[in-house]
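Here's the structure we're looking at; comments come further down.
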Amino acid sequence: MHTAAALRAGELEPGTAVAQPLLSLSGVSKSFPGVRALHDVSLSLYPGQVTALIGENGAGKSTLVKILTGIYRPDEGEIRVSGDAVRLQGAEHAFRHGITAIHQETVLFDDLSVAENVYLGHAPRTRIGLIDWRAMRRQAADVLKRMGAGHIDADTRLRDLGIANKHLVAVARAMSIDARIVIMDEPTAALSAKEIGELFDLVAFLKGEGKAILFISHKFDEIYRIADRFTVFRDGEMVGEGMVADTSQNDIVRMMVGRAVDHIFPERQPNIGGPLLTVDGLSHPTEFDRVSFELRQGEILGFYGLVGAGRSEVMQAIAGMTGTSAGSITLAGHRIAPRTAADSIDAGIVYVPEERGRQGVVIGMPIFKNVSLPSLARTSKSGVLRLAEEFRLARTFTERLDLRASSLSQDVGTLSGGNQQKVVIAKWLATEPKLIILDEPTKGIDIGSKAAVHAFMAELVEQGLSVIMVSSELPEILGMSDRVVVMREGRVAATFDNAGLDAETLVRAAAGIVA
Amino acid sequence: MSTVETARRRIPDRLDTPLKGTLLSWEMLLVAVALGIFVTNSLASPYFLNPWSLSDMTFNFTEKGLIALAMALLIISGEIDLSVAATIALASTLMGMALQSGADTPTLVAIGILTGLACGAVNGALVTGLGLPSIVVTIGTMSLFRGIAYIILGDQAYKGYPAGFAFFGQGYVWWVVSFELVLFAAAAVAFWFLLHRTSFGRRVFAIGNNPVAAQFSGVRVNRVKFVLFCLTGLMAGIASVLLTSRLGSTRPSIAQGYELEVITMVVLGGVSILGGAGSIVGVVLAALIMGMVTFGLGLLNVPGIVMSIFIGLLLILVIALPIVWRRFFGRAM
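Residue numbers (this note's numbering), protein chains in the order written: chain A, 1 to 515; chain B, 1001 to 1333.
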C-alpha cells in the first residue's frame, strides 16, 4: 500500500516511470467562508492513463473539478499543463487549454444539433466569416465515426438522444478541440449496464489516443475495471495515491474513512422502548423499491448510503412530500398515508430537509416567525396571531439549541449557516413531534454548531423522541446512531446494530462490495 | 467540546428600532409625497380645496383601491391577477343581462359579486390546479372575460338601472362622505387585519418569501393561493357593482386599463413585485396619492391619454425606485 506519508517523504514513486504528466497540480488550496474545501492537494494525470479520484461526499472532489475547469480559482498552488504553469481564467479558458469535463448531467444544449454542440464556439468558418455548416457536419460526423459512435447522426437534435449518447457527444466535443485532459465526473450515474459498457469502450479509445483521464466514481467495480491509478481525498486533503492493480479495495476504503478523531460525540445511555414507526415495503416508481425498516421509541436510526441511494426520497415520502406506489407506514400502531407535509406534521412526524436555504428557512422573515410557522395553529387563537406566544415558543426552542442571535426579530438570512440550521431544527421541535427526521443535519456547518446539534439530538432521544438521521458523514453515523440502515440504489442494502460497527463495513455495504 | 454545557443565553424579542429606520420607511415617504401633492394641487387649482371637490377626488381611487387591497395580498404571495378589469366588465355585463330580465337591486348586487368570485376561482383553479404561471393564466382570462362581455353586448349598452341601485356608486353616507369611501375604509381595515394580524396573513408572507420552505413547513400553499385569487375576484366583483352603479350603464369597454392602475397602486404602496413584502398601510396611501394625482391632472384639463402615459411612467418608476434605493442606501426598503 502506498501511504500519503510515504509519498510525501519521497520514498515511493507512484507507478512506473511514464512520460511527464500532462496535468499536474501542486499545493492547491481553496477555502470558502467557514469551510476549507481543499488543503495543499497534489494530483498528476498522465497521458494514456485513467486516474480514479476517490473520496467520501464532501471530500473536495467537486471543488477540484471546478478548479480544473476554471470555474473556481485556487487560493494557493500551481496548475501545470504539459509542464507550463497556467492560471485558468474561466471555463472557456480551461477548455482552450485542452481540459474538458463530462458531468453526471451533461452540460450541452438540448435544442441544438449534435454538430452544433460539438463545434459550438469553434465552428469552421467560410472565407467571409460565416459558419461553414457543411464542413461542420462533415467534421462532426468524422469525429463521431473515429470514436466508434458512427450511429449518431450529426443532424440529430441533442434532445432526442439518450444520456449515454449525450456523453458521446460531449466526448466528441472534447475530441474536436483536441482536448488532452478529460475529466469524467460520475459519468455512469445515470447509465444502464449496457451503456456503461459502451462508455468504457470509449474510455479505452481515449486512452489509446493518449488522453489523460480523471475518472470520478463511487463504484469500486468501475474503478477496478478501467482505472490505472487512483488518488484518495479525505476532508479536502490528498491522503493516498498509487496504482490500482497493486492496491486492494479494503486498503482504499481505509484511506477514505480513516480519519483522526476531531469531534467528540455526546455520551448517552440509550433508553429504547417499543416500536414507533414501521415502514413496510415502501416503493416509488423510480426512486426507491420495497424499503422496510423499524424505528423504536427513543432511538436514533442512522441512514447511510451514497448520494442518490434514495434515502432523502424515502424520508420525503414518510413526511408526505413524495407519493408512493406501494407499501405502508405505521406510526404508533396506526396506518398513516400522509399526502402533504401538513398531514405528517399533524401525525407527529417532521422532516428537517437537506437543502436548508431552499427548503428549510424562509429568508426575509425574522427568526420568531420562522420558528412559529408550522405551529401557527397553536400560537394563534381563532386565526388571530398572538405575538407573545410566538416569542415564547421561539425563545424556548432557540435557547435550548444555543442559538446565537442579537434578537428574535433578526432576519434569519443574516445568521450563519449553523445558526440557520438551529432555527430550522427549533421550528420543527416546536411542533412537538413524536419523530423527527433529520436529513444531513450538519452538512456545511461549522464544528461548534455541529456539536450543539449533536448534543441536542442526544437530549431529544433521552426525552423519548425518536430520530431518523440521514447522513453521509461516517463519523456522525457511527457517533450518533443506535442502529444504521444502509441504502444502495433505492433498496435497503443492510441494517446494522451500532455495537462494534466500523466505517469500512458501512462503506462496503453502501458501495456493494462483497467482503 | 465545551459548548454542550454552555449556560443558555437569553435572546431578546426585539431590539429598539432606531428612529432613523422609522423615518426612512417607505410609508413615511408616501405620507410626505401625499402631502406634497395635496399642497401642489391646492396651489395649482382654486377648485381643489373644497369639501365636494375632495369628495369627488375619492371616487378616483375607491373602486381601484378596493381591488388593490386584495391584489396586494396576491402579489405578496408571489402571484398576480391581470384579469381584474376584464372581471369588472364581465360582472357588469351579466348584471346588465339580469336587469333586462327584470332583476331587482339585491339580485343585481349578488350577480355582480358572485361573478367576480367565480372569475377569481377560475384563475385560482388554473394556477393552483394545473400549476401554470399566474401572469400567463390571467392574460388569457383577461381576454376571455372581456371577450364574453363583447360577445353578449357587441357595441350596445345596458342602461336603466333601478334608482335603488344607484346608491352604491352615487350615494352618500353622511355629508360629503360617500358610500364608496366608507366601504373602502372598512375594507382597508379588514385587509390590514387579515394580512398583519392573522395566521393566514403570516402564511401569505411565508409563501411569497419561500414557497418551497412554506410547503415543507406544512403550509397548504395551493389552498392559500386559491383563496387569494377568489378574494381578488370578489373585490373586482364588488368594484364592478360600484362602478356600474356610479356610471348607471354597462358597456363592454368598462374599466378598460384598470388592472395597470391597480398594480401601480400596489407597487407604489411598497409591495415587492417579487413577493414576500408589503403593507396595507402603504397600499392605502398609494391609492390616495394616485387619486389625488389623477384628480389634480383632471382639474388642470390634462387629457386622458396623457394620464395613461403618466400611469405608465409611474409604474416603471416605482418598480425601479426600490432597486435604485438599495444601491444608494444599501438596504431593502
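Every residue gets a Cβ at the ideal spot worked out from N, C-alpha and C, and that includes glycine.
This one's a predicted model, so the numbers in the text were calculated from it and none came from an experiment.
Note the first and the last residue of the continuous beta strand (DSSP E) segment covering residue i.
{"i": "I1080 (chain B)", "result": "Here I1080 (chain B) belongs to no beta strand (DSSP E), and DSSP marks it neither H nor E."}
{"i": "A326 (chain A)", "result": "326-331"}
{"i": "E76 (chain A)", "result": "76-81"}
{"i": "M243 (chain A)", "result": "237-243"}
{"i": "G1201 (chain B)", "result": "Careful: G1201 (chain B) lies outside any beta strand (DSSP E), inside the alpha helix (DSSP H) at 1199-1209."}
Quick check on residue i - is its C-beta less than 8 Å from some C-beta in chain D?
{"i": "P1322 (chain B)", "result": "The structure shown contains no chain D; the protein chains it does contain are A and B."}
Can a CB atom of chain B be found closer than 8 Å to the CB of residue i?
{"i": "F397 (chain A)", "result": "no"}
{"i": "P275 (chain A)", "result": "no"}
{"i": "V182 (chain A)", "result": "no"}
{"i": "I363 (chain A)", "result": "yes"}
{"i": "T442 (chain A)", "result": "no"}
{"i": "S407 (chain A)", "result": "yes"}
{"i": "R173 (chain A)", "result": "no"}
{"i": "K427 (chain A)", "result": "yes"}
{"i": "Q359 (chain A)", "result": "yes"}
{"i": "F109 (chain A)", "result": "no"}
{"i": "R508 (chain A)", "result": "no"}
{"i": "P385 (chain A)", "result": "This sequence places Leu at residue 385 (chain A); Pro is not what is there. At least one chain B Cβ lies under 8 Å of L385 (chain A)."}
{"i": "T322 (chain A)", "result": "no"}
{"i": "A17 (chain A)", "result": "In this predicted model, A17 (chain A) has a pLDDT of only 47, less than 50, meaning its place in the structure is not dependable enough to derive any value."}
{"i": "L373 (chain A)", "result": "yes"}
{"i": "P475 (chain A)", "result": "no"}
{"i": "S416 (chain A)", "result": "no"}
{"i": "K422 (chain A)", "result": "no"}
{"i": "A341 (chain A)", "result": "yes"}
{"i": "A260 (chain A)", "result": "In this prediction, A260 (chain A) scores a pLDDT of 45, lower than 50, which makes its location untrustworthy; no coordinate-derived value is stated."}
{"i": "F95 (chain A)", "result": "no"}
{"i": "P353 (chain A)", "result": "yes"}
Within 8 Å of any Cβ in chain A, is that where the Cβ of residue i sits?
{"i": "R1391 (chain B)", "result": "Past the boundaries of the shown model lies residue 1391 (chain B); chain B is included only from 1001 to 1333, so the question cannot be answered."}
{"i": "A1185 (chain B)", "result": "no"}
{"i": "A1072 (chain B)", "result": "no"}
{"i": "T1006 (chain B)", "result": "Summary for T1006 (chain B): the model assigns pLDDT 45, below 50, so the residue's position carries little reliability; its value from the coordinates is reported in the next sentence. For T1006 (chain B), the answer is yes, since a Cβ of chain A falls inside 8 Å of its Cβ."}
{"i": "A1190 (chain B)", "result": "no"}
{"i": "I1011 (chain B)", "result": "yes"}
{"i": "A1103 (chain B)", "result": "no"}
{"i": "R1197 (chain B)", "result": "yes"}
{"i": "F1200 (chain B)", "result": "yes"}
{"i": "F1205 (chain B)", "result": "yes"}
{"i": "L1181 (chain B)", "result": "no"}
{"i": "L1015 (chain B)", "result": "yes"}
{"i": "F1226 (chain B)", "result": "no"}
{"i": "V1219 (chain B)", "result": "yes"}
{"i": "V1212 (chain B)", "result": "yes"}
Assuming residue i and residue j make a contact with CB atoms under 8 Å, what is their CB distance in whole Å?
{"i": "V362 (chain A)", "j": "A1072 (chain B)", "result": "Contact doesn't hold; Cβ gap of about 19 Å is too wide."}
{"i": "I1076 (chain B)", "j": "G1278 (chain B)", "result": "5 Å"}
{"i": "I1034 (chain B)", "j": "L1285 (chain B)", "result": "For clarity, residue 1034 (chain B) is Ala in the given sequence; the question names Ile instead. Going by Cβ atoms, the distance from A1034 (chain B) to L1285 (chain B) rounds to 6 Å, so yes, they are a contact pair."}
{"i": "W1026 (chain B)", "j": "G1270 (chain B)", "result": "4 Å"}
{"i": "G417 (chain A)", "j": "I445 (chain A)", "result": "5 Å"}
{"i": "V585 (chain A)", "j": "I336 (chain A)", "result": "Only positions 1 to 515 of chain A appear in this structure, which leaves residue 585 (chain A) out of reach."}
{"i": "L158 (chain A)", "j": "D110 (chain A)", "result": "5 Å"}
{"i": "L435 (chain A)", "j": "K422 (chain A)", "result": "Not quite, the Cβ-Cβ distance comes to about 20 Å (not below 8 Å), so this is no contact."}
{"i": "M147 (chain A)", "j": "A172 (chain A)", "result": "6 Å"}
Could you give the residue range of the alpha helix (DSSP H) that holds residue i?
{"i": "R1223 (chain B)", "result": "1221-1247"}
{"i": "G305 (chain A)", "result": "First-last for G305 (chain A): 300-305, but that is the beta strand (DSSP E), not the alpha helix (DSSP H)."}
{"i": "H93 (chain A)", "result": "91-96"}
{"i": "E548 (chain A)", "result": "With chain A represented from 1 up to 515, any question about residue 548 (chain A) goes unanswered, as that position is not in the structure."}
{"i": "P1106 (chain B)", "result": "1105-1130"}
Just checking, does the segment 462-473 of chain A make contact with the segment 294-310 of chain A on the three C-beta pairs under 8 Å criterion? yes
Check whether the segment 1259-1274 of chain B touches the segment 1080-1091 of chain B, taking contact to mean three or more Cβ pairs, one atom from each stretch, closer than 8 Å. yes
Examine the Cβ distances between the segment 1147-1164 of chain B and the segment 1191-1205 of chain B and report whether three or more of them are shorter than 8 Å. no
Whole beta strand (DSSP E) elements within the segment 423-453 of chain A, 3-residue minimum: 435-439
Spell out a yes or no on whether the segment 214-234 of chain A and the segment 245-259 of chain A are touching, meaning 3 or more CB-CB pairs, one atom from each, closer than 8 Å. yes
Using 8 Å as the Cβ pair cut-off and three pairs as the minimum, do the segment 498-509 of chain A and the segment 322-335 of chain A touch? no
The segment 139-154 of chain A in contact with the segment 162-180 of chain A per 3-pair CB rule at 8 Å: yes
Under 8 Å, with one C-beta from each stretch per pair, do the segment 131-143 of chain A and the segment 207-218 of chain A reach the 3-pair mark? no
With a threshold of 8 Å, are at least 3 pairs of Cβ atoms found where one atom belongs to the segment 1237-1254 of chain B and the other to the segment 1037-1056 of chain B? no
Start-end ranges of the alpha helix (DSSP H) lying completely within the segment 1024-1054 of chain B, minimum 4 residues: 1026-1044
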